[in-house]
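Taking it in order: structure first as structure tokens, then the write-up.
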Amino acid sequence: MFFIRVSLINLKIHTLQRELMKTSISFAKFMMMASRATYIYEQTAKSRENKYKKDGKSLVSLVRADDRISGYKKALELIGGVEPAIEGAEGSVMIKPNFNSHDPLPASTHPETISFAVDLLRENGIEPFIGEMSGPNWLPTRETMRKNGSLAIAEEKCVRVSFFDEGEWVLVRSEKEVLWDKGVIVAKDAYEADRILYFPCMKTHAPAGGITMALKLTMGAIHPKNRMRIHRDRSNARKLIAEFNLFLPADLILLDGTLAFISGGPAKGEVRKPGVVIASGDRVAVDAVGASILKALGAEPLEGKDIKKHDQIAWAENLGIGTTNIELLVEDLEGDPSFNELVKYVEKELGI
106 MFFIRVSLIN
116 LKIHTLQREL
126 MKTSISFAKF
136 MMMASRATYI
146 YEQTAKSREN
156 KYKKDGKSLV
166 SLVRADDRIS
176 GYKKALELIG
186 GVEPAIEGAE
196 GSVMIKPNFN
206 SHDPLPASTH
216 PETISFAVDL
226 LRENGIEPFI
236 GEMSGPNWLP
246 TRETMRKNGS
256 LAIAEEKCVR
266 VSFFDEGEWV
276 LVRSEKEVLW
286 DKGVIVAKDA
296 YEADRILYFP
306 CMKTHAPAGG
316 ITMALKLTMG
326 AIHPKNRMRI
336 HRDRSNARKL
346 IAEFNLFLPA
356 DLILLDGTLA
366 FISGGPAKGE
376 VRKPGVVIAS
386 GDRVAVDAVG
396 ASILKALGAE
406 PLEGKDIKKH
416 DQIAWAENLG
426 IGTTNIELLV
436 EDLEGDPSFN
446 ELVKYVEKEL
456 GI
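Note that my numbering has the sequence shown beginning at 106, numbered continuously upward.
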């Protein structure tokens with residue numbers, strides 16, 4: 106019995122050592138990329154109009170749904186479908202998930218979402234690709250996607266994956282840049298995409314400013330050289346993250362809030378079940394609604410905070426990336442009486 110117990114302890118120690126070694130190798134690769142920042146040319150930031158607006162307000166749909174696919178479909182229907190986002194697209198259309206780590210939802214975009222996104226675009230005559238780079242502790246991205254099951258989905262559907270850590274980069278400059286006054290290095294495939302669809306999660310992010318949803322999703326297309334500054338300059342981290350969005354547009358955001366982290370994050374945290382899906386063409390509006398929901402659930406980083414004044418949201422709005430001037434469109438697919446109270450909370454928080 107003693108021998109079995111000792112063997113189990115040794116196995117756990119060996120497993121922990123192996124995981125620490127993998128993390129160290131991943132971080133070392135990230136640091137090596139950061140120290141060898143190379144890009145092939147300089148470009149000007151692209152800016153595309155939000156196609157989901159009415160009377161100057163950003164349309165945001167909030168759907169109560171336990172099944173994310175049903176939620177996505179209804180959320181899209183409420184704001185006008187996928188067509189406005191892809192209308193006139195002549196080149197590639199990128200699916201941008203959150204694969205910061207290989208941990209399951211709400212840490213990462215659910216593989217089922219990838220399948221839905223590919224089918225949605227193909228049904229509308231678009232051949233998409235998936236683009237992402239994992240966080241410093243989970244590189245290479247190819248391995249992260251293998252572990253979380255999304256690579257198998259991509260292979261099954263014969264859809265191309267752009268692993269940004271294996272690809273080329275471009276320096277992008279914006280006339281609105283403030284904190285990033287020398288521009289930002291962006292994955293070439295992401296920059297050249299004709300349209301981009303975001304598929305974020307709903308979660309807190311303890312090290313990097315409190316929340317990670319649509320605005321922070323852009324960070325997965327940014328070079329490690331720039332990303333390292335977030336970790337060095339914590340006092341400006343939220344604003345720096347927000348300003349990344351000047352350098353890469355997003356045409357449609359579909360957020361999976363069927364599960365959420367209300368503390369911890371980005372890979373591990375305290376899980377709650379909001380059971381919602383959010384859709385919009387505005388990253389600021391999505392984050393404002395999502396953060397309001399997290400606050401309603403008791404998220405530690407948002408306790409007692411005014412969501413519209415949150416640095417990440419306010420700075421992005423100040424730069425013209427999006428707005429908190431929202432028209433909220435709601436639907437309850439579950440007949441949940443508590444959903445009405447949640448909607449009222451969001452509306453009050455944002456002054457809708």
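From the three backbone atoms N, C-alpha and C, an ideal C-beta is built for every residue, glycine too.
Pick from the options that is closest to residue i, judged by C-alpha positions
i	options	result
K453	I398, S443, E422 and G230	I398
I412	G456, G236, E432 and F444	G456
R173	K158, A150, P216 and V165	P216
V223	A259, G440 and K308	A259
A311	E261, P233 and A212	A212
K373	T309, A292 and V275	T309
Q417	L284, K378, G288 and D441	L284
Q148	K293, E237 and L322	K293
I235	G325, Y177 and L402	G325
A170	Y450, H207 and F444	F444
I231	K151, E192 and G440	E192
L320	V394, K287 and P189	V394
G380	Y177, S279 and L322	Y177
T214	P354, A150, M318 and E248	M318
V264	P209, S152, F221 and L210	F221
A150	E446, L353 and G272	L353
8 Å Cβ cutoff met for residue i and residue j
i	j	result
V448	V168	no
N155	V187	no
Y157	D387	yes
V246	F304	Just to set this straight, residue 246 is Thr in the shown sequence, not Val. Taking 8 Å as the Cβ cut-off, T246 and F304 do not qualify as a contacting pair.
V47	A390	With the chain covering only 106 through 457, there is no way to say anything about residue 47.
G427	A421	yes
K162	I431	yes
F269	M250	no
Y144	I290	yes
I219	S255	yes
H207	K252	yes
A396	H415	yes
W243	H328	no
Identified DSSP bridge partners for residue i
i	result
E236	Looking at the sequence provided, one finds Gly at residue 236 rather than Glu. Partner(s): S267.
K158	S163
G186	Per DSSP, none; premise fails for G186.
Y303	K201 and I358
W274	A292
D437	R169
A390	In the DSSP output, where bridge partners are listed per residue, A390 has none listed.
H310	G315
V382	V168 and D361
F444	DSSP, once it has assigned bridges, lists no residue as partnering F444.
Q148	V277
G374	G369
I327	V291
I431	S163
For residue j and residue i, believed in contact at Cβ under 8 Å, the rounded distance
i	j	result
L351	L276	Going by Cβ atoms, the distance from L351 to L276 rounds to 13 Å, so no, they are not a contact pair.
I316	P406	7 Å
K378	L364	6 Å
S340	I184	S340 to I184, Cβ: 36 Å. No contact.
G288	E282	7 Å
Cβ of residue i within 8 Å of any chain D Cβ
i	result
S197	Of the protein chains in the structure, only one exists, and it is not chain D.
*Is the number of C-beta pairs between the segment 425-439 and the segment 358-371 that are closer than 8 Å three or more?*
no
*Is the number of C-beta pairs between the segment 364-377 and the segment 330-337 that are closer than 8 Å three or more?*
no
*Does the segment 293-304 touch the segment 193-203, meaning 3 or more C-beta pairs lie closer than 8 Å?*
yes
*Pairing CB atoms from the segment 290-300 with CB atoms from the segment 192-200, are three or more of them under 8 Å?*
yes
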